[in-house]
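A.B. asks: 1 is the number of the first residue of the sequence shown in UniProt numbering; add one for each residue after it.
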Amino acid sequence: MSTDSTDEQTNAPVSSDCTDGSEASLSQHFKDGDIKFRSSDNVIFQIHQKYLEMSTGGFPSCDVNGSTAATTQDEIVSLPETSFVLDVLFRFVYPKLQPDLFDIEDFGQLMDVARAAEKYIVYNAISACQLRLSLFCRDFSPKHANELFDFAAAHDHPALLVTTSKSMIHKPLEEVAHKLTADTYKPWSLYHSRVLLACNSILGATGNGRCTNDTCQLEKNRQLINQSPANVFYIKSKLQAEYYTKPCCSSYSSWQNAKAAGVRNLPDFGTILRAHRKQQSRR
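#1: Count the other C-beta atoms from every protein chain shown that fall within 10 angstroms of the C-beta of residue 142, then say buried if there are 16 or more, exposed otherwise.
#2: Are residue 230 and residue 166 touching if we call contact CB-CB under 8 Å?
#3: Hey, how far is the Cα of residue 147 from the Cα of residue 86?
#4: Assuming residue 52 contacts residue 45 under a Cβ cut-off of 8 Å, what Cβ separation, rounded to an integer in Å, is found between them?
#5: At which residue ranges does the region 78-108 contain complete alpha helix (DSSP H) runs of 4 or more residues, listed in the order of the chain?
#6: With DSSP collapsed to three states, give me the class of residue 271.
#7: With DSSP run on the structure shown, which of helix, strand or coil describes residue 144?
#8: Report the option in 163, 174 and 90 whose CA atom is closest to the CA atom of residue 47.
#9: Can you give me the C-alpha to C-alpha distance between residue 99 and residue 200, rounded to a whole angstrom?
#10: Anyone know if the C-beta pair for residue 102 and residue 188 falls short of 8 Å?
#11: Can you tell which of 117, 280 and 184 has its C-alpha closest to the C-alpha of residue 128?
#12: By DSSP, does residue 56 sit in helix, in strand, or in coil?
#13: If you draw a straight line from the alpha carbon of residue 39 to that of residue 84, how long is it in whole angstroms?
#14: Which of the three DSSP states, helix, strand or coil, is assigned to residue 224?
#15: Looking only at its own chain, which residues have a Cβ that is under 6 Å from the Cβ of residue 121, when we skip the five neighbours before and after it?
#16: Quick check on the DSSP output: the alpha helix (DSSP H) that includes residue 313 runs from which residue to which?
#17: With distances taken Cα to Cα, identify the nearest neighbour of residue 110 among 35, 275 and 126.
#18: Report the three-state DSSP secondary structure of residue 38 (helix, strand or coil).
#19: Closest to residue 93 by CA distance: which of 262, 124, 138 and 105 is it?
#20: Between the Cα of residue 104 and those of 80, 79, 96 and 135, spot the shortest distance and give me the residue it belongs to.
#21: Residues bridged to residue 46 by DSSP?
#22: Pop quiz: residue 159 and residue 130 are said to be a contact at Cβ under 8 Å. What is the actual Cβ separation, rounded to whole angstroms?
#23: At a Cβ threshold of 8 Å, is residue 185 touching chain D?
#24: Would you list the one or two residues that DSSP bridges to residue 113?
#25: Find the nearest neighbour of residue 196 within the set 233, 151 and 32, judged by alpha-carbon distance.
#26: Go to residue 257, then tell me how far its alpha helix (DSSP H) extends in each direction, as first and last residue.
#27: Between residue 35 and residue 106, what straight-line distance do the alpha-carbon atoms span, to the nearest angstrom?
#28: Between which two residues does the alpha helix (DSSP H) holding residue 164 run?
#29: Could you check if residue 236 is buried or exposed, using at least 16 other CB atoms within 10 Å of its CB as the buried criterion?
This is the structure:
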């Protein structure tokens, strides 16, 4: 699927019924349906009502019973989304090979499509957007973590919350609590608490004097935690792999034997969330 918006319209004028008086263009891909939509950049999409009724649940052209709100064939429903977003979205409505969202490399455009999918309840698009955003988050999470977390929390997408969890763990609990649903707040608070305890066990590790080794493992761990609390999971992976089989000093040996269990056994957010939902389902 091309991401060039010029591919979504023809040069043929359709109507001048627009607030700025400019002529509308007809979508190249959607031009024979019985419901007409106008994008914010003045492109007309003609969509078959039967496909809207089968594949969506929130377009303004249909009420809760699936009957059209348009009274005449010439009536046009104006939408605030661009032609690019609507072109992608309407491809998910039809029973055809669906668009590959990996063709959308711009994060802003991808988020616009994801928000529109939620707004108009385009079922197939919602699922596809969650998958694409999860992979996007994996590759570019630090840069877009806040926006992805807010989106996942607003629309209750647990998988996407899990993907962003490590990048958001540094946020104070009171800063994210109001964004979470009742079903995810408790697991997140438990996750936040466990990570904080694990980080404190590393930062508070002391011994008899300072290690003289320039590559002291205890000091390196402190530096990692000071850089980001999420690094506790990196330290955990090294502990589980028995990376520190020859501690550089007695201080590290003491910490490893007495307090490292809280780091070694630290669960990720996904584990805590699944356990919580499993417990809730038994009630």
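Ideal Cβ placement from N, Cα and C applies to all residues, glycine included.
C.D. replies: Reading from the atomic positions:
#1: exposed
#2: yes
#3: 22 Å
#4: About 11 Å separates the two Cβ atoms, so there is no contact after all.
#5: 83-91
#6: helix
#7: helix
#8: 90
#9: 47 Å
#10: no
#11: 117
#12: strand
#13: 9 Å
#14: helix
#15: 56, 57 and 58
#16: Residue 313 is absent from the structure shown; the chain starts at 1 and stops at 283.
#17: 126
#18: strand
#19: 124
#20: 135
#21: 31 and 36
#22: 6 Å
#23: Chain labels in this structure do not include chain D; a single protein chain is all it has.
#24: According to DSSP, residue 113 bridges with nothing at all.
#25: 233
#26: 250-258
#27: 30 Å
#28: 158-168
#29: buried
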